[in-house]
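The structure appears below as structure tokens.
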Amino acid sequence: MTSSDASGARWSDLDRPPLNASALRRALVRDDGLWTSLDLVTTTGSTNSDLAARADELPEGAVLVAEEQTSGRGRLDRDWVSPPRAGLFLSVLLKPDVPVHRWGWLPLLAGVAAATGLAKSAGVDLSLKWPNDLLVSVGGEERKTGGILAERAGEDGIVVGIGVNVTLKEDELPVPAAGSLLLADAVSTDRDTLLRAVLRSLEHWYGDWVRADGDPEASGLQAAYAANCSTLGRHVRADLPGERMLEGEALAVDGDGRLVVATEGGGTEAVAAGDIVHVRATG
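In structure tokens:
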């Protein structure tokens, strides 16, 4: 992990200026706010791993941001890498005083926060693919531009990582199904502005959720997720643990954050974990 606030080498690509750590701290770290510290590093393997290693010694609200991740991970241990300064790579440490069985809502909460924050700051419509992918439209095609990864950390913490492709061009995409805010015709790709918007949105949604004792309905989180979730109403294929597969219409997200899928014979099954593929829209 390499720490930095200023380095001449960071300006090698003028289309991708470095983040301004000092300005971000002034804007986000407040005595009465959630964010207690904000560290920026030039490059690291994984912000989630770095922050998780210090979870017991840090207070809630620690934020770690990297200009580049070399071993970033998404769901199912998939790689998440990007050129330097072409995206947002951040992790936050949370220690929610809510029942542990409701902690499963945190990646969904982060998805809602990121989608709403980026929609306002980038001027791009984003939707959520259950459970934690951020989607944009590129040339009428639905593409993944970001993702969320939440992991238990220390005795009472959880680290939530957020990765967003901001200025990646077509020839820089890791896979054809990927996208970026730039390719989705964002009105702004200023990463300082985008990062502030994401963290402020996350602070808002997290505060409402904690004050509601983690209740997704009372906090408005369940309704907000459903309203932004492009998976609902689609015919989906769920690749489940144990090499089992389920196909059907995605009907709802239940109170535990599970995806409710229609099954053959008129029944339903609630999926808690799995890889979801959007097969087609219904109707």
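Each number in my numbering corresponds to the 1-based position in the sequence shown with 25 added.
All residues carry an ideal CB built from backbone N, CA and C; glycine is no exception.
Item	Value
Whole-Å CB distance - V163 paired with V117, under 8 Å assumed	That pair is no contact at about 28 Å.
Whole-angstrom C-beta distance between G136 and I173, which should lie under 8 Å	5 Å
Residue range of the unbroken beta strand (DSSP E) whose run includes N190	182-190
V296 versus D279: straight-line alpha-carbon distance, rounded	10 Å
Outcome for P132 when other beta-carbon atoms lying within 10 angstroms are tallied against a minimum of 16	buried
Separation of A175 from L53, as counted between CA atoms	22 Å
Opening and closing residue of the alpha helix (DSSP H) in which H260 lies	No alpha helix (DSSP H) holds H260; the beta strand (DSSP E) holding it covers 259-265.
CB of L59 within 8 Å of CB of E228, strictly	yes
Reference D264, options D300, E242, A277, K154, closest by Cα	D300
Closest Cα partner of F114 within the set G239, V66, P124	V66
Inside the stretch 161-237 only - beta strand (DSSP E) runs reaching at least 3 residues	166-178, 182-190
Helix, strand or coil at K145 [DSSP, three-state]	helix
Alpha-carbon to alpha-carbon, G188 and T72	10 Å
Per DSSP, the bridge partner or partners of H303	V261
Span separating the alpha-carbon of L153 from that of A243	21 Å
Alpha-carbon to alpha-carbon, P43 and T68	12 Å
Span of the beta strand (DSSP E), counted from its first residue to its last, around T325	Limits of the chain in this structure are 26 at one end and 308 at the other, which puts residue 325 out of reach.
Buried versus exposed call for P266 [16 or more other C-beta atoms within 10 Å across all chains shown]	exposed
Whole-angstrom C-beta distance between K169 and A140, which should lie under 8 Å	Incorrect: roughly 12 Å between the Cβ atoms, too far for contact.
CA nearest to the CA of L49, picked from D215, N253, D238, H303	D215
Whole-angstrom C-beta distance between A222 and K145, which should lie under 8 Å	6 Å
Nearest-angstrom beta carbon gap, E92 and R79 [assumed within contact, 8 Å]	R79 to E92, Cβ: 19 Å. No contact.
V90 beta carbon less than 8 Å from that of L220	yes
Selection from A277, Q247, T218 that minimises the alpha carbon distance to A256	Sequence check: residue 256 is Thr here, not Ala. That would be A277, whose Cα lies nearest to the Cα of T256.
Beta strand (DSSP E) segment containing A87, residue limits	87-91
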